[in-house]
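Some notes on the structure that comes next.
2 protein chains.
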Amino acid sequence: MAAPDTRIRIVDQGLDLISRSGLAGVTLGGLAAEVGMSKSGLFAHFKSKDAVQIALLDRMAEVANRVVVAPAMAAPAGLARLRALVGNWIGWSDRAGLSGGCPVAAALFELDDLDGAVRAKVELMEGNWRGLLRGLVGEAVGRGEFRADVDADQFVFELCGVYLTHHASHRFLRDPQADGRARIAFEALIVRAQPTPQEWATAPDQTPGETP
Amino acid sequence: MAAPDTRIRIVDQGLDLISRSGLAGVTLGGLAAEVGMSKSGLFAHFKSKDAVQIALLDRMAEVANRVVVAPAMAAPAGLARLRALVGNWIGWSDRAGLSGGCPVAAALFELDDLDGAVRAKVELMEGNWRGLLRGLVGEAVGRGEFRADVDADQFVFELCGVYLTHHASHRFLRDPQADGRARIAFEALIVRAQPTPQEWATAPDQTPGETP
DNA sequence: TGACAAATAGCACGATCGGTCGTGCTATTT
DNA sequence: AAATAGCACGACCGATCGTGCTATTTGTCA
């Protein structure tokens, strides 16, 4: 079949472009110029601009899954896995080789008052992501690493705050200390969720074996 | 004299538009249509689009000062004033009557990889704002309401995270619990910065009288 | 009422937007 | 060798972008 790699090239270049310029910054002509082909030739691969943007978001999800989620899943379940995931999450766009920031983070503030297929896509992705985080927090609670009364939604709410403020500090303010500050904030979140020493004595009979 | 209120009308309408559509969403034609005048008539008041955007940001600073900062300054210095300020800050754009979100928050993610006069303006405003927050945190430290080893920059970093995640949850995800979650997160930040009961016994000889 | 300055509108410009159309090239199939 | 299908091209559409230049309206004061 020899499916041409053109579409892949487009999407890969587009992912970099979207990370630099945001959703609205991705224009058919601009992307075509970057890929080195004509606007109409590029357009023929998709059928609308929305389809282009959604394809870019899908590609982003793939990349994020590869460089953020998958490696973290090797860590033992519970808090260790949450730590691994967040460690891979903060600043992941740099690590993924993108020259810009996280497209979803930008989209959260770009599309807040609009709607349409692209917003729905971002909403879905953000929902999935928060669901994943919430699951890991619940796992840590189930294993007794976090207190039973920890509100997973609140934890995720605040964790997303750490991510967003890191993004703003790192990418907009260019603060070289952003990474360290995010790490400190995350550790503080963990400490707040952990059982107090007294509770340690009475708590965990449940130890769902999952790691060798 | 008799400077016509047209410019004021433009800037007021523009502030609402920018809160809904972000910086890039403010277009001369669109703003002119909203104000009810011709594009060139509007353009004559400013000399470039950048000037329009900067005027809108200036107006935002005025409004924010009126509805966020000024009322908080009535509170007694230190932690109480910080609480008042943050209470006014979270969700301030709703309270100010804007139909969209905080323009600066959006700009932080919109302009991260660009530069120019508008970015410089946002950078300045954000720097001033963080400076104000940092000052209040320092005040709380000086009065012994926060521990002496509290890192004000770290506190502001995390506080901005609370603001940003509230913005994303409230405006993008339309989570009705966003306000409450932000309040909880802020209170947790405070608790973490406060002296432990033991320290309370030994700590504060310094009590800079500023409130009756 | 007439003169003058400020404010607004009209109009046109080059560029770019998302999108369509017809055409040619290059493989593969027949 | 002929027919077909996929792919990319340049030209072009109407709309809108920011930005000038030129009238026309409007308000003020003599």
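Top line first, the protein sequences correspond to chains Y and E. Be aware that the first sequence starts at -10, since it is given in this note's numbering, and climbs by one per residue. Be aware that the second sequence starts at -10, since it is given in this note's numbering, and climbs by one per residue. Quick reminder that beta carbons are idealized off the backbone N, C-alpha and C, glycines included. In this text, all values refer to a predicted model and were calculated from it rather than measured experimentally.
Proximity winner among the options, relative to residue i (alpha-carbon distances)
i: E176(Y); options: L4(Y), A22(Y) and V75(Y); result: V75(Y)
i: A106(Y); options: G3(Y), A40(Y), F146(Y) and V0(Y); result: A40(Y)
i: A94(E); options: D101(Y), A141(Y) and G18(Y); result: D101(Y)
i: G86(Y); options: D5(Y), I79(Y) and P184(Y); result: D5(Y)
i: T185(E); options: R163(E), F161(E) and R136(E); result: R136(E)
i: G202(Y); options: G80(Y), S27(Y) and V130(Y); result: Nothing about residue 202(Y) can be reported from this structure: the residues present for chain Y run from -10 to 201 only.
i: A50(Y); options: E112(Y), F98(Y) and K38(Y); result: E112(Y)
i: N117(Y); options: L162(E), D104(E) and A129(E); result: L162(E)
i: V180(Y); options: V130(Y), G14(Y) and R55(Y); result: V130(Y)
i: R132(Y); options: D164(Y), L71(Y) and V145(Y); result: L71(Y)
i: D1(Y); options: L103(Y), I43(Y), L121(Y) and P165(Y); result: I43(Y)
i: A174(Y); options: C149(E), R172(E), Q166(E) and P165(E); result: C149(E)
i: K38(Y); options: V15(Y), R55(Y) and R48(Y); result: V15(Y)
i: Q143(E); options: Q143(Y), F144(Y) and A167(Y); result: A167(Y)
i: A69(Y); options: E128(Y), R108(Y), A22(Y) and R48(Y); result: E128(Y)
Interface flag, residue i vs chain Y, CB-CB below 7 Å
i: A13(E); result: yes
i: T16(E); result: no
i: E147(E); result: yes
i: D202(E); result: Because chain E is modelled from -10 through 201, residue 202(E) falls outside the range shown and cannot be assessed.
i: G150(E); result: yes
i: F135(E); result: no
i: L122(E); result: no
i: F98(E); result: yes
i: A85(E); result: no
i: F144(E); result: no
i: G89(E); result: yes
i: F32(E); result: no
i: A95(E); result: yes
i: Q195(E); result: With a pLDDT of only 45 at Q195(E), under 50, the local geometry of the prediction cannot be trusted, and the value read off the model is given with reservation. No - not a single Cβ of chain Y is within 7 Å of the one on Q195(E).
C-beta atoms of residue i and residue j nearer than 7 Å
i: R84(Y); j: H34(Y); result: no
i: A182(Y); j: V139(Y); result: yes
i: E147(Y); j: L178(Y); result: yes
i: A96(E); j: L12(E); result: yes
i: A64(E); j: A53(E); result: no
i: G67(Y); j: E115(Y); result: no
i: G3(Y); j: L45(Y); result: yes
i: A59(Y); j: N77(Y); result: no
i: H155(Y); j: G90(Y); result: no
i: I208(Y); j: V24(Y); result: As displayed, chain Y neither begins before -10 nor continues past 201, which places residue 208(Y) out of reach and without an answer.
i: S88(Y); j: R9(Y); result: yes
i: R119(Y); j: A141(Y); result: no
Collapsed DSSP secondary structure at residue i in the structure displayed
i: Q183(E); result: coil
i: L103(E); result: coil
i: K36(E); result: coil
i: S88(Y); result: coil
i: I7(E); result: helix
i: A96(Y); result: helix
i: F135(E); result: coil
i: D(-6)(E); result: coil
i: G25(Y); result: coil
i: V15(E); result: coil
i: F163(E); result: Looking at the sequence provided, one finds Arg at residue 163(E) rather than Phe. It is coil, neither helix nor strand.
Where the alpha helix (DSSP H) containing residue i begins and where it ends
i: H156(Y); result: A141 to H156
i: R70(E); result: L68 to W78
i: A204(Y); result: Summary: the structure shown does not reach residue 204(Y), with chain Y confined to residues -10 through 201, and so no result is reported for it.
Chain E contact for residue i (CB, 7 Å cutoff)
i: F175(Y); result: no
i: R170(Y); result: yes
i: L68(Y); result: no
i: A22(Y); result: no
i: L153(Y); result: yes
i: R9(Y); result: yes
i: R163(Y); result: no
i: A157(Y); result: yes
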